[in-house]
Amino acid sequence: MTLLEFARGPALQVAMIIFVLGATWRFFGALLLPWRLVPAEPRKGAPSPIAAAFKGVVVKMWPHKPFQKAGMFTFVNGYILHFGLAIVVFLFAPHILFIKGLTGLSWPALPSNLVYTVGVITMASLVAGLVHRLRSPVLRLISRFDDYLSWLLTLLPVLTGLLAAAHLGARYETLLAVHILSICAFLIWFPFGKLMHAFMFVFSRAMTGVRMGQRGAEL
Amino acid sequence: MPQEPKLAPTLGELLQERGVSRRAFLKYASYLSAVMALPAGSATALAEGLANARRQSVIWLSFQECTGCTESLTRSFSPTLESLIFDLISLDYHHTLQAASGEAAEKAREAAMAENKGKYVVVVDGAVPTKDGGLYSTIAGVSNLDMLKATAKDALAVIAVGTCAAFGGIPKARPNPTGAAAIDEIITDKPIINIPGCPPIPEAMAGVVSYLVSFGKLPELDHLRRPKAFFGETIHDRCYRRPFYERGLFAEGFDDAGARQGWCLYKVGCKGPVTYNACATLKWNGGVSFPIQSGHGCLGCSEPDFWDQGGFYRPLSTNLREMGPALAGAALAGAALGAGAAWASRRHQESYQRDQSAAEGDKK
Amino acid sequence: MMTQTLHASIPQEPPRLTGMSDAVFAEVAARLAEVVAGASAPPIELTAMPLTSEDRADLEQRLGRGEVFATIESAGRSEVWETQFSGVWFVRHFGENDRTASECIEFGAAPAILFSHRADMAAAARRLATALQPANAHETTDH
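Residue numbers (the working numbering), protein chains in the order written: chain F, 872 to 1090; chain G, 1076 to 1439; chain W, 1001 to 1143.
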């Protein structure tokens, strides 16, 4: 069995199973907990929980004025990173084929050259994010192993994907196998670390919105 | 080539008798050095090497195969430039091409082996069945396994022609009922050159034999023992449809608008990106076309286990194993685990709260 | 008619100039300069170069035709001509079905394939000697 066969076969299979099992476990494990709200009566004039939840999700998409100067880099870089990742992952023709193979769903792709460019930007954004994290004493203090591992496992698929596209460093079949294996590592770690925010961020923001809303706090 | 005791005529002398001049050698050499991308100016050296070499004794063994390799090699050479390869070699044994048959044929093989001990080249097409003592394929009562070992023992080098000989090919495809094996799994103490393909490109075969005869050494090989001159680049690298891949223009089927406009065949399963061969540059049938130009994706036939890569029409970027049921099971199990965890947590919280209120009640 | 329509619909290499002919043309100039300066220059092998049919046509047209054109019949046909630039030779070998098997640009007084090889001359001398004997007069027509 070649490395590519291993990557496309058993490695991907095991990684996908762990990813789905872990992600549904954590997802249901968190959502089926009691939706514990503030025990006190809601303040007068407090928004309805649904409106508060919605507001919680939307308002957090841009920094509050007082924090704009300090937080702008994190926001802008975060958007570049996440949009970049979304474009690379979901609008590259070979990736769509992979998803189609799994789910039967497909959609039009972007030109490959454009996706490569976005990939480079995404990687630069990841590196910038790490530099920012390491240079800020506060961020460094609150960063855990989880943060660094999640960063690395996000970077590797982008990096190996770009190398495969450019045929750099090794033969293409090896690069492709390494790329798929890096995705396997990403999928395996995903449910158990901070990468899980991709599924959970909406709920956590909504819950914060509801709690704050009940107390009458401005978000 | 080492000198023989009783000097046989050189190829130059031999062909001269038939009115073939050195110009033919030079022409053939410039053709080969172009095809093999040898360094500029090596045509003259190659021509001299060929003219001064002795005729190479070749014993051709056909095992678990379909004769497609032989057909490919012989059919493509009409009596001009490319046919010169058959003047360079003395094909002392070949099932399909030799006139002798039965006992006489086997005698010819043994005679050639004895006469050219240590100097003959063994060409093999077809895999070798190894299961149950190799009884699944025999010639004149001798198993392929035994014949290969006996013939390769005093050979100068072994050339495995076609994917079956090089990597096991179709006989080795799952479930491989005969225990088919590649030549280099059996012969481990001789120089081996693999020229895979189903069938292999004739020029690759001619180029390797000529190189061997002329320079007396093996051409540069890759990690799968394939000559880099022919297997150094992927089909995808040299494909004329490559620009469509980069622009994201793909045929979705074999008869849609994209296919008619010659767009990239990646989505319909082309294995060009991971297939090392010279089809895109040398092409087939005298340079007429190659599979992708004719509208079909590359099958990856010059790669090991190409038959077991999940299907010829399955795109390269897709997973090889069926995952639907396993993933559905994983999702159900995950949901159950999550629900169980949440339930346990609720129970824990409730009992904690009960304990708390009981404790508060006690205080009162 | 049907086959013609079909043929027309089979996609071929995109017809375009890639700039490769400019590069080869510049290389021709550089190598001829070397030869003029007294050095020798290896031939430019065109067969394996990623030239489109337009590139090839453009190169051939720019090199043009000079005073010499020769056909060689040896293991199939070959054509050799001096380009409009003296000392720059175009050599084209044909394989089966008049397909171009290889082509290159050579530099110098004449391309190697035009010269008679010593071994061939020696063989010819032997044949001539034999032919001079009256009994063997028919020998020369054998080859």
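Every residue, glycine too, gets a C-beta built ideally from N, C-alpha and C. Every value quoted in this text rests on a predicted model; they were computed, and no experiment measured them.
*For L1052 of chain F, count neighbouring C-beta atoms within 10 Å of its own C-beta (all shown protein chains included) and say buried if the count is 16 or more, exposed if not.*
buried
*asked:* For chain G, check one thing: does any of its Cβ atoms lie closer than 8 Å to the Cβ of A1123 of chain W?
replied: yes
*Give the residues of chain F in contact with G1436 of chain G, contact being defined as C-beta atoms less than 7 Å apart.*
Result: empty, since nearest Cβ-Cβ is about 19 Å, beyond 7 Å.
*For C1239 of chain G, which residues does DSSP report across the bridge?*
In DSSP, C1239 of chain G forms no bridge with anything.
*Could you tell me which of G:T1213, G:A1304, G:G1208, G:D1162 sits nearest to E1440 of chain G, measuring between CA atoms?*
Given that chain G is displayed from residue 1076 to residue 1439, the structure contains no residue 1440 of chain G and the question cannot be resolved.
_Can you look up I970 of chain F in the DSSP assignment and give me helix, strand or coil?_
helix
*Residue range of the alpha helix (DSSP H) that includes E1079 of chain W*: First-last for E1079 of chain W: 1077 to 1082, but that is the beta strand (DSSP E), not the alpha helix (DSSP H).
_For the alpha helix (DSSP H) containing E1088 of chain G, name the first residue and the last one._
1086 to 1091
*Note down, in chain order, each residue of its chain lying with its Cβ closer than 6 Å to the Cβ of L1058 of chain F, except the 5 sequence neighbours on either side.*
A886, F890
*According to DSSP, which residues form a beta bridge with H1093 of chain W?*
W:S1078, W:S1102
*Hey, out of F:D1017, F:G955, F:I970, whose CA is closest to G1399 of chain G's CA?*
F:I970
*asked:* Would R1045 of chain G and T1356 of chain G qualify as a contact pair, given that the criterion is a beta-carbon distance under 8 Å?
replied: Past the boundaries of the shown model lies residue 1045 of chain G; chain G is included only from 1076 to 1439, so the question cannot be answered.
*To the nearest angstrom, report how far apart E1045 of chain W and I1113 of chain W are at their CA atoms.*
15 Å
*Within the chosen definition, does the segment 1325 to 1336 of chain G reach the segment 1057 to 1075 of chain W through at least 3 CB pairs nearer than 8 Å?*
no
_Per-residue DSSP class, three states only, for I1258 of chain G_ = helix
*Give the interface partners of K1342 of chain G over in chain F, defined as CB-CB distance under 8 Å, in chain order.*
A964, L968
_Between the alpha carbons of V991 of chain F and L968 of chain F, how many angstroms are there, rounded?_
22 Å
*Kindly list the residues whose CB is nearer than 7 Å to the CB of G1243 of chain G, restricted to its own chain and excluding five residues on each side of it in sequence; keep chain order.*
A1202, A1255, A1256, A1257
_Please report the distance separating the alpha-carbon of L1159 of chain G from that of E1096 of chain W._
12 Å
*Between which two residues does the alpha helix (DSSP H) containing L1054 of chain F stretch?*
Per the sequence shown, residue 1054 of chain F should be read as Ile rather than Leu. Start and end: 1043 to 1060.
*Can you give the Cα-Cα distance for T1142 of chain G and F1100 of chain G, rounded to whole angstroms?*
29 Å
*asked:* Here's a check: name, in chain order, each residue in its chain whose Cβ is nearer than 6 Å to the Cβ of V1288 of chain G, leaving out the five neighbours to either side.
replied: A1128, Q1131, L1163
*Check the Cβ of A980 of chain F against every Cβ in chain G and list those closer than 9 Å, keeping chain order.*
G1323, F1325
*Confirm, please, whether the CB-CB distance from P1266 of chain G to A1241 of chain G is below 8 Å.*
no
*Classify K1292 of chain G as buried or exposed, calling it buried when 16 or more other Cβ atoms lie within 10 Å of its own Cβ.*
exposed
*When the Cα atoms are used, what is the spatial distance from L1296 of chain G to F1025 of chain W?*
33 Å
*Could one say the Cβ of A1410 of chain G lies closer than 8 Å to chain F's Cβ atoms, at least one of them?*
yes
*Please confirm whether T1145 of chain G and P1204 of chain G have their CB atoms less than 8 Å apart.*
no
*Under 8 Å between C-beta atoms of F946 of chain F and P937 of chain F*: no
*asked:* Just list the residues that DSSP pairs L1166 of chain G with in beta bridges.
replied: G:V1133
*In this structure, does DSSP put Q1133 of chain W in helix, strand or coil?*
coil
*Kindly list the residues whose CB is nearer than 6 Å to the CB of G1094 of chain G, restricted to its own chain and excluding five residues on each side of it in sequence; keep chain order.*
none
_Report the CB separation of G1087 of chain F from A917 of chain F in whole angstroms; it is logged as a contact under 8 Å._
5 Å
*Excluding the five sequence neighbours on either side, which residues of its own chain have a C-beta within less than 7 Å of the C-beta of G1124 of chain G, listed in chain order?*
S1289, F1290
*Can you name, in chain order, every residue of its own chain whose Cβ lies under 7 Å from the Cβ of K1303 of chain G, other than the five neighbours on each side?*
E1295, L1296, D1297
*Give me the Cα-Cα distance between P1062 of chain F and S983 of chain F, rounded to the nearest whole angstrom.*
30 Å
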